[in-house]
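J.:
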Amino acid sequence: DGGITQSPKYLFRKEGQNVTLSCEQNLNHDAMYWYRQDPGQGLRLIYYSQIVNDFQKGDIAEGYSVSREKKESFPLTVTSAQKNPTAFYLCASSIDRTAPGGAFFGQGTRLTVV
Amino acid sequence: SQQGEEDPQALSIQEGENATMNCSYKTSINNLQWYRQNSGRGLVHLILIRSNEREKHSGRLRVTLDTSKKSSSLLITASRAADTASYFCATDYGQNFVFGPGTRLSVLP
Chain A
1 DGGITQSPKY
11 LFRKEGQNVT
21 LSCEQNLNHD
31 AMYWYRQDPG
41 QGLRLIYYSQ
51 IVNDFQKGDI
61 AEGYSVSREK
71 KESFPLTVTS
81 AQKNPTAFYL
91 CASSIDRTAP
101 GGAFFGQGTR
111 LTVV
Chain B
1001 SQQGEEDPQA
1011 LSIQEGENAT
1021 MNCSYKTSIN
1031 NLQWYRQNSG
1041 RGLVHLILIR
1051 SNEREKHSGR
1061 LRVTLDTSKK
1071 SSSLLITASR
1081 AADTASYFCA
1091 TDYGQNFVFG
1101 PGTRLSVLP
């Protein structure tokens, strides 16, 4: 079955650590996105990539980094520079933004700073 | 901010009633999409309406778009307890999807 997979589901980070969240899709989508969701809030765009080896900053990119070496994979690193990383992180992919099926989302990774 | 805004923030209804949620936005868009999110899960795409369309249906869902008022509405008819979730509109204004803060719908049995 095609889909988008995020791992791990839960992640704990110590102060000063970098952590990497995984996002893999087998939908053959060119575009991939990372969003951050805080409790009771909407989604804020961190980074997006429209094609392999290219990515763009979203609205809240500071303290985060990404790579897009393969079409299927778009990992997000939360660096120690991100001062308030505790949140729910969602990865998405899409053929393009006009596709009737919209964006496909993973099940999310809940990151907690301990 | 070009973020869409859903209204109301929260809505509680009885099973069988209709639920209406609204989304307003600020700039011209290519399309508008509605998503559903169950607690602690990812988002699920419900429906996309293009800027040249005025109304679309999908099962119990009806979406309208009024570009002159820069607003959209999502109507869920004959609601069920399983419809309890948060609903988000996402606007595509040519750069990316921009999500609103969502409407939390509770359908009481």
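Keeping their order, the protein sequence lines are chains A and B. For the record, in the first sequence the residue sitting at position 42 is 42 according to the working numbering, with numbers rising by one throughout. Add 1000 to the 1-based position in the second sequence for the working numbering, that's all there is to it. Idealized CB from N, CA, C, for every residue including glycine.
Using three-state DSSP, classify Ala1082/B as helix, strand or coil.
T.: For this step, residue 1082/B is matched to residue 82 along the second sequence. Helix.
J.: Taking Cβ-Cβ distances shorter than 7 Å, what residues in chain A pair up with Gly1102/B?
T.: Counted from its first residue, the second sequence places residue 1102/B at position 102. Gly42, listed in chain order.
J.: Would you please state the rounded distance, in angstroms, between the beta carbons of Tyr1025/B and Thr1091/B? I believe it to be under 8 Å.
T.: Locating residue 1025/B in the second sequence gives position 25, where the first residue counts as 1. Locating residue 1091/B in the second sequence gives position 91, where the first residue counts as 1. Right, the Cβ-Cβ distance comes to about 5 Å (below 8 Å), so this counts as a contact.
J.: Does any C-beta atom of chain B lie closer than 8 Å to the C-beta of Phe105/A?
T.: Taking the first sequence and counting its residues from 1, the one referred to as residue 105/A is at position 105. Closer than 8 Å: yes.
J.: How far does the beta strand (DSSP E) with Val1063/B in it extend, from its first residue to its last?
T.: Taking the second sequence and counting its residues from 1, one reaches residue 1063/B at position 63. 1061-1066 is the extent of the beta strand (DSSP E) around Val1063/B.
J.: Which partner residues of Leu1046/B appear in the DSSP bridge assignment?
T.: In the second sequence, counting from the first residue as 1, residue 1046/B sits at position 46. In the DSSP output, where bridge partners are listed per residue, Leu1046/B has none listed.
J.: Quick one, which of Gln107/A, Ala92/A, Thr79/A, Leu90/A has its alpha-carbon nearest Val113/A's?
T.: As a working note, residue 113/A is residue 113 in the first sequence. Checked all of Gln107/A, Ala92/A, Thr79/A, Leu90/A; the closest Cα to Val113/A is Thr79/A.
J.: Any C-beta of chain B sitting closer than 8 Å to the C-beta of Gly108/A?
T.: Taking the first sequence and counting its residues from 1, the one referred to as residue 108/A is at position 108. Judged by the 8 Å Cβ criterion, Gly108/A is in contact with chain B.
J.: Ignore the nearest five residues each way along the sequence and tell me which others in Arg1060/B's own chain have a CB closer than 7 Å to its CB.
T.: For the purposes of this step, residue 1060/B is taken as residue 60 along the second sequence, with counting starting at 1. The residues are Ile1076, Thr1077, Ala1078.
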